[in-house]
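> Residue numbers (the numbering used here), protein chains in the order written: chain A, 1 to 559; chain B, 1001 to 1559. The beta carbon of each residue, even a glycine, is placed where N, CA and C say it ideally should be.
Number of protein chains: 2
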Amino acid sequence: MLSKKYSIGIDFGTKSGRAVLVDVDNGKEVATSVLEYPNGVIDEYLPLEKERIKLGTDWALQDPNDYLEVVYVTIPEVIQKANISPENVIGLGIDFTACTMLPVDQRGEPLSNKKSFKNRPNAWVKLWKHHAAQPYANKLNEVAEKRGEKFLKRYGGKISSEWLFPKIWQILDEAPDIYKATDRFMEATDWVIMKLTGVEKRNISTTGYKAIWSKDSGYPDKKFFKALDPKLENVVEEKLSTDIYELGEKAGNLKEVIAKKVNLSSDVAVAVANVDSFVSVPAVKVSKPSKMVMVMGTSICHMVIDEKEKFVPGMTGVIKDGILPGYYGYEAGQSAVGDIFEWYINEGVPSYFKKEAKDNNMNVYDYLEKKASKLGPGESGLLALDWWNGNRSVLVDADLTGMILGLHLNSKPGEIYRALIEATAFGTNKIIRTFEESGVNIDELYACGGLVQKNETLMQIYADVTNKPIKIAASQQTPALGAAMHGAVAAGSKNGGYDDIHEAIYNMAHLKDKKYHPIPKNVKIYKKLYREYERLHDYFGLGENDVMKKLKNIKQKYE
Amino acid sequence: MLSKKYSIGIDFGTKSGRAVLVDVDNGKEVATSVLEYPNGVIDEYLPLEKERIKLGTDWALQDPNDYLEVVYVTIPEVIQKANISPENVIGLGIDFTACTMLPVDQRGEPLSNKKSFKNRPNAWVKLWKHHAAQPYANKLNEVAEKRGEKFLKRYGGKISSEWLFPKIWQILDEAPDIYKATDRFMEATDWVIMKLTGVEKRNISTTGYKAIWSKDSGYPDKKFFKALDPKLENVVEEKLSTDIYELGEKAGNLKEVIAKKVNLSSDVAVAVANVDSFVSVPAVKVSKPSKMVMVMGTSICHMVIDEKEKFVPGMTGVIKDGILPGYYGYEAGQSAVGDIFEWYINEGVPSYFKKEAKDNNMNVYDYLEKKASKLGPGESGLLALDWWNGNRSVLVDADLTGMILGLHLNSKPGEIYRALIEATAFGTNKIIRTFEESGVNIDELYACGGLVQKNETLMQIYADVTNKPIKIAASQQTPALGAAMHGAVAAGSKNGGYDDIHEAIYNMAHLKDKKYHPIPKNVKIYKKLYREYERLHDYFGLGENDVMKKLKNIKQKYE
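#1: Rounded to whole angstroms, what's the CA-CA distance from A/ARG18 to A/ILE258? Just pull it up for me.
#2: Hey, does B/THR1401 have any beta-carbon neighbour from chain A nearer than 8 Å?
#3: Could you check where the beta strand (DSSP E) with B/LYS1250 kicks off and where it finishes?
#4: Where does A/TYR462 land, buried or exposed, given buried means 16+ other C-beta within 10 angstroms?
#5: Which residue marks the beginning of the beta strand (DSSP E) containing B/MET1303, and which one marks its end?
#6: Does the beta carbon of B/LEU1542 sit closer than 8 Å to a beta carbon anywhere in chain A?
#7: Just to check my reading of the structure: B/VAL1279 and B/HIS1502 have Cβ atoms closer than 8 Å, yes? What is that Cβ distance to the nearest angstrom?
#8: Quick test of your reading: B/ASN1083 and B/LYS1004, contact by CB under 8 Å. State the CB separation rounded to the nearest angstrom.
#9: Can you tell me where the beta strand (DSSP E) holding A/ALA31 begins and where it ends?
#10: In chain B, which residues lie with their C-beta within 7 Å of the C-beta of A/ASN389?
#11: I need the boundaries of the alpha helix (DSSP H) containing B/MET1485, first residue and last residue.
#12: Is B/TYR1155 helix, strand or coil when you go by DSSP?
#13: Among residues of its own chain, excluding the 5 on either side of B/LEU1529, which ones have a beta-carbon nearer than 6 Å to its beta-carbon?
#14: I need the DSSP call for B/ASP1276, collapsed to helix, strand or coil.
#15: According to DSSP, simplified to helix, strand and coil, what is A/GLU246?
#16: Just the C-alpha distance for A/VAL71 and A/ILE79, rounded to the nearest angstrom, thanks.
#17: Answer with yes or no whether the minimum CB distance from B/TYR1498 to chain A is below 8 Å.
#18: Starting from the Cα of A/TYR330, find the closest Cα among A/ASP58, A/THR100, A/ILE432 and A/SER373 and give me that residue.
#19: Pick out whichever of A/ILE554, A/GLU44, A/GLN460 and A/ILE319 has its Cα sitting closest to the Cα of A/SER214.
#20: Can you give me, in chain order, the residues of the region 1111–1142 of chain B that have a beta carbon less than 8 Å from any beta carbon in chain A?
#21: For B/ALA1283, which of helix, strand or coil comes out of DSSP?
#22: Using 8 Å as the Cβ pair cut-off and three pairs as the minimum, do the region 1024–1031 of chain B and the region 383–392 of chain A touch?
#23: Do the CB positions of B/LEU1511 and B/ALA1488 come within less than 8 Å of each other?
#24: Rank B/TRP1387, B/LEU1407, B/LYS1412 and B/ASN1410 by C-alpha distance to the C-alpha of B/THR1401 and give the top, closest one.
#25: Among the residues of its own chain, which have a CB less than 7 Å from the CB of A/HIS408, if the five just before and after it don't count?
#26: Beta carbon of A/SER299, beta carbon of A/ASP267: below 8 Å?
#27: Within 10 angstroms of its Cβ, does A/PRO220 collect 16 or more other Cβ (buried), or is it exposed?
#28: Give every residue of the same chain whose Cβ lies closer than 8 Å to the Cβ of A/VAL364, excluding the five residues on either side of it in the sequence, and list them in chain order.
#29: With H, G and I counted as helix, E and B as strand and the rest as coil, what does DSSP make of B/TRP1388?
#30: Please return the same chain residues whose Cβ sits closer than 7 Å to the Cβ of A/PRO47, not counting the five positions on each side in sequence.
#31: Given a limit of 7 Å on CB to CB distance, which residues of the region 1033–1064 of chain B reach chain A?
#32: Could you tell me the distance, in whole angstroms, from the CA atom of A/ARG107 to the CA atom of A/LYS412?
#33: Do you know how far the Cα of A/PRO110 is from the Cα of A/VAL304?
#34: When you compare each of B/GLU1534, B/ALA1271 and B/GLY1157 to B/LYS1430 by their alpha carbons, which one comes out closest?
#35: Going by beta carbon distance, what residues of the same chain come within less than 7 Å of B/GLN1556, once the five residues before and after it are set aside?
#36: Can you give the beta carbon distance from B/PHE1096 to B/GLU1149, rounded, assuming they're within the 8 Å contact cut?
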């Protein structure tokens, strides 16, 4: 009997990195290790010892050294916990938030590690939810529209401020010396793979979805970049790698020095970098069209694959082979979901309610969920717009803000919490309907992520609001599983892995028995409430009343 | 030298009653006593020992016995505290929330005290903020409009659900046996005076402002009442007293049995009943037109007097001699102000913030105020509609609800609190502008009430939003002072009091030295923000988007 083979997936999330050691035969998750990033999300002050550098509104940075720390700490720990022989680990894959990008020098060293730049916010990793490049995104969209750039329709009509070029442009404009000192702008996910293997292999996913690139037409034209800013004319040639690699390809083997440090063999096949949402699609056993995958955590990412290329307003992108080889991969998303609930718990749940939760031996989340579960649709009398972090799909507008309406002197935390859940479900429903209206069919939903496992009320609300059945990933760490699956594919069958992702899906991905089915009487009420949501969505989101932007304008004058 | 003379004013508020013993010479408040109503505001269950009778949404009741308890406890206490001889007390006045009404039998006994009715919500005192009669108010307004009833314009175009006839109609419709058993429907303020003196003397203020009565045309016509419901045709003759008495008139002397019980002489002159807001006008030293008085507490009442009768949309009423003899008295109001802040502190301030307040040796209110004071106008990025308890003026619609907009993952309690203050100030500004547009001039504001004394940031925001200077009452208990002033007028000069309210104002009312002046740079920003407030006010309040009502409809189906 041959010895068992393992693959390691590392999921680099917003706040922490998580390694999972997976049995290649059956996808069983043998050991897990999590490390919180020592510097977390940097959104108030740079983490400097002697200086106090304040960040502006909407900034969100990270420290690239935190990512390597995750590698060094979590890999040895999963091997030790699993108690296996390191040479039986055949593959390693990673996935990441995106677009999370950084400027590096010729040796691949982040500029934020350099003495001369470390007190400069623009030298640090710009996290996906860094929204301070919105003015650049606005100008970019304006120019692209005026020039009739065809790429716009692949991205739902708008380029998001979260993506690569608005972030690069912000650096150029605010810190031209940093732009000049930058050898390459890299996705953090590609940067980590480069650190592990010694070679830069830019992955198709982030390049396609976040850097306005497609197989057919490559990057936007020089003339376009010149129209944005003459200094950007040669940004692609000068600052980006143009060799693009497919998902599941092998990037290389582990560098000797890293292999030693993490207690692995340097024969391990390292897969081309990937994105947290996209690796989740195979990990929830989806390999066909009409099945929308929702990665539900701090935000929600919605993905579906299809044989044809359709143009869906407000989708974040459609990229050939961008999610699964052989299909057009569609992505859409909501920029805050779990983040809204967390905001509410931190900034809005009163002390008596926390005490009640404690008296009931429950954490605040569970107690809120319990209270919310006792209410029917619309019983709270409240309706919210889920734009606490702007709107990604379908409006693509980071300057929109959250709203709650129906407040009353008797409004209680359980009611507000339920209204917030409902608002995020309405946001998902808006996305699903926009896909359907654009010719991309959706029959059922597949869910994974941190919000899915515990929150039965939330999941039922999503089924009722969308009027679609929802299946749930068996794994509680689907991105890491998906990354490990890609590691197994990079290793290939001759090394005990798989030759393509479909084989890996068949063997390694699993669903739970529990499914959520829409309850007809709830569906009926939610149809009414959704109409009201949609009306407010259009009123505040499509420019009829742009009060949210006016308020933001006034607020920004204080900065 | 003659011995000093005193008058006692009792202010019956929403949660407690407060007696103040006042020096008639100079208005000095010598002693105060407060009693919380034992049964408080009854809005969940009737206060019964053996039964659990749940109230519907928007119900708000009180126990009439609590009012007498206030008389019995607080009068002896102020006399004792002041250490004066009881025979030097020459007058007694009271003021009350309104319309706070109750059904009584032939002996003046509240039906809620009767065994056969006490488990019936409709037998209890309906507090001013009982809003469950809204459907009756809606029907009443519809009928009145269809019939072209002229009285509507005296009340800004709409009769409020808080007023007498909607409340009576609710009783008739929901509990015809209680209606039948009722000898008279009384304002609680008149009922207390009747209990003190033994005679019913209906006061001009509540009759004019809350019972659709005027000196010129009396009550509405029988035909109108018949059009509402044939059983209401004779409601005035059968269920109401039609003898109306002026403010400051003497209702009678204290009944012997009461005098003994409270340790006063039965020679004390008892003034005709009054209303908490109206007695505040003389107590803040206002005796002329163009000066708007704001009583700022759980709600705000806005009053101004004028020589002419104008019709102001959404005002709660214009009544000749209804506030000060010789003038048309105008009233308008916001149905929740302090109540919104209290809701926020109870239901929305997170525990870490309360802990911070404690660590700073501050109560939560003061700490919120401190945080809010560090922000400039618009710096929160938030905008709210102050309709947590519906909108009294200028929309007269209890079915509207609160809204907050601009919420962000970084929104903090100090910002939300400031936005709530600003929303209430915008609400006041809307009222002021409506008066001005209707020909009632307003040059300066005079403020009194619980919100005025401590909250400097709040007061400055009101000055900046309205762009008017604000003067502040010296007294912290203006309604009780105003009630005592009316007591002194009821006693008359021959007994050591005054012959009219103007003499009492001259001698007994005082202002603080501190005034609030608008700060031009804040005024400028608030003008912009107010435009946004007004646009949302009209959008949600005037029917363009009636989502608030639709939500309330759906919510009510669960009751």
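Here's the rundown:
#1: 18 Å
#2: yes
#3: 1250–1253
#4: buried
#5: 1300–1306
#6: no
#7: No, B/VAL1279 and B/HIS1502 are not in contact; Cβ-Cβ is about 15 Å, not under 8 Å.
#8: Not really, about 12 Å apart at Cβ, beyond 8 Å.
#9: 29–36
#10: LEU1409
#11: 1478–1491
#12: helix
#13: GLY1378
#14: helix
#15: coil
#16: 12 Å
#17: no
#18: A/ILE432
#19: A/ILE319
#20: none
#21: helix
#22: no
#23: no
#24: B/TRP1387
#25: GLY381
#26: no
#27: buried
#28: ILE345, VAL349, PHE353, LYS354 and ALA357
#29: strand
#30: ASN39 and ASP63
#31: none
#32: 56 Å
#33: 34 Å
#34: B/GLU1534
#35: THR1057
#36: Not confirmed; about 27 Å, so no contact.
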